[in-house]
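Okay, structure first, notes after.
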Amino acid sequence: PRGGEKQYVGFATLPNQVHRKSVKKGFDFTLMVAGESGMGKSTLVNSLFLTDLYKDRKLLNAEGFVRWTLSL
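Just so you know, we're using my numbering here: the sequence shown kicks off at 526 and counts up by one.
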């Protein structure tokens, strides 16, 4: 212990142990963001992770979109 700090052992320290282990080891997770086109979903995700996750994505212009119709 540094500076006379007490170190506790037991169940009370489990949350901190799990947190330290997760940060050190890393972890995978899935994130789903839903919303209308143009509402800023990609911007939100890029802001959260301080990176451009979709930098290699190719955007289609209006002519590149295909409209699908279904008749019953």
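Heads up, the beta-carbon is just placed ideally off N, CA and C, and yes, glycines get one too.
### Query
With a Cβ-Cβ cutoff of 8 Å, do residue 570 and residue 558 count as a contact?
Within the sequence shown, numbered from 1, the residue matching residue 570 stands at position 45. Within the sequence shown, numbered from 1, the residue matching residue 558 stands at position 33. Yes. Within cutoff.
### Query
Helix, strand or coil: how does DSSP classify residue 545 here?
Counting from one through the sequence shown, the residue named residue 545 turns up at place 20. Of the three classes helix, strand and coil, the one that applies to residue 545 here is helix, per DSSP.
### Task
In angstroms with no decimal places, state the Cα-to-Cα distance between residue 533 and residue 556.
Taking the first residue of the sequence shown as 1, we reach residue 533 at position 8. Taking the first residue of the sequence shown as 1, we reach residue 556 at position 31. Approximately 35 Å between the Cα atoms of the pair.
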